[in-house]
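Here the structure is laid out as structure tokens; the discussion comes afterwards.
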């Protein structure tokens, strides 16, 4: 079954960078990339498409990433959607807010495209997470 990844960011440059980082998913795996430019658009796409993974910018117009995350996890009851918050704010306070509303992971900008790609492969089940216990 096809997997879906939604990238939500109000900055066009970040959307392009994320799409470039993840385009190999579309080429090599059965993955569809979706994009949204604000929180309201993201919620519409999430209701229609039910993506497996969402990269969500925190600071956006119309509806913040924190609000979108809270709505997905609490109001929509879509716990199966893996949410990675993307933000320029790297303070511990911001990370706690993201986790408190249901985010699964927090990545700060600037991010490394390879890190985004590998984490996507793990979340989507194409590779196993690294086991450091060996």
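Numbering (the UniProt record's numbering), first residue to last: 1 to 134.
Even glycine gets a Cβ: it sits at the ideal position worked out from N, Cα and C.
Everything numeric in this text was worked out from a predicted model, so none of it was measured.
- request: Could you pull out every residue in the same chain whose Cβ sits closer than 8 Å to the Cβ of residue 11, ignoring the five residues on either side in sequence?
  value: Within the chain shown, residue 11 is the residue found at index 11, counting from 1. Excluding positions up to five away in sequence, the list reads 57.
- prompt: Going by alpha carbons, who is nearest to residue 55 out of 47, 39, 61, 62?
  reply: Position 55 of the chain shown, counting from 1, holds the residue named residue 55. Nearest option by C-alpha distance: 39.
message: According to DSSP, simplified to helix, strand and coil, what is residue 132?
response: For this step, residue 132 is matched to residue 132 along the chain shown. Summary for residue 132: the model assigns pLDDT 49, below 50, so the residue's position carries little reliability; its value from the coordinates is reported in the next sentence. Three-state result, residue 132: coil.
- request: Following the continuous alpha helix (DSSP H) through residue 18, name the residue where it begins and the one where it ends.
  value: Looking up residue 18 in the chain shown gives position 18. Boundaries of the alpha helix (DSSP H) around residue 18: 12-28.
query: When we look at the beta-carbon of residue 134 and count the other beta-carbons within 10 Å, is it buried (16 or more) or exposed?
result: Position 134 of the chain shown holds residue 134. Because residue 134 sits at a pLDDT of 41, beneath the cut-off of 50, its placement in the model cannot be relied upon, and the following sentence gives the value as read from the coordinates. Label assigned to residue 134: exposed.
- prompt: Between the beta-carbon of residue 83 and the beta-carbon of residue 104, is there less than 7 Å?
  reply: For the purposes of this step, residue 83 is taken as residue 83 along the chain shown, with counting starting at 1. For the purposes of this step, residue 104 is taken as residue 104 along the chain shown, with counting starting at 1. Their beta carbons are under 7 Å apart, which means residue 83 touches residue 104 by this criterion.
Contact the stretch 61-78 vs the stretch 12-32: 3+ CB pairs below 8 Å: No, the stretch 61-78 is not in contact with the stretch 12-32.
field: Close-in-space but distant-in-sequence residues of the same chain around residue 117 (CB under 8 Å, 5 per side omitted)
entry: Mapped onto the chain shown, residue 117 falls at position 117. Answer for residue 117: 21, 22, 24, 25, listed in chain order.
Runs of beta strand (DSSP E) lying entirely within the UniProt domain "Response regulatory" (4-124), each at least 3 residues, in chain order: Counting whole runs of 3 or more residues, the UniProt domain "Response regulatory" (4-124) contains the beta strand (DSSP E) stretches 31-36, 53-57, 82-87, 105-108.
- request: Mark residue 61 as exposed unless 16 or more other C-beta atoms lie within 10 angstroms of its C-beta, in which case mark it buried.
  value: The count along the chain shown starts at 1 and reaches residue 61 at position 61. Here residue 61 is exposed: its Cβ has fewer than 16 other Cβ atoms, across all protein chains shown, within 10 Å.
Straight-line Cα distance separating residue 6 from residue 36: Position 36 of the chain shown, counted from the first residue, corresponds to residue 36. Position 6 of the chain shown, counted from the first residue, corresponds to residue 6. In a straight line, the C-alpha of residue 36 is about 7 Å away from that of residue 6.
query: Taking just the CA atoms, how far does residue 69 sit from residue 92?
result: In the chain shown, the residue the question calls residue 92 occupies position 92. In the chain shown, the residue the question calls residue 69 occupies position 69. About 18 Å.
- prompt: Who are the Cβ neighbours of residue 137 in its own chain at under 6 Å, not counting the five residues just before and after it?
  reply: With the chain represented from 1 up to 134, any question about residue 137 goes unanswered, as that position is not in the structure.
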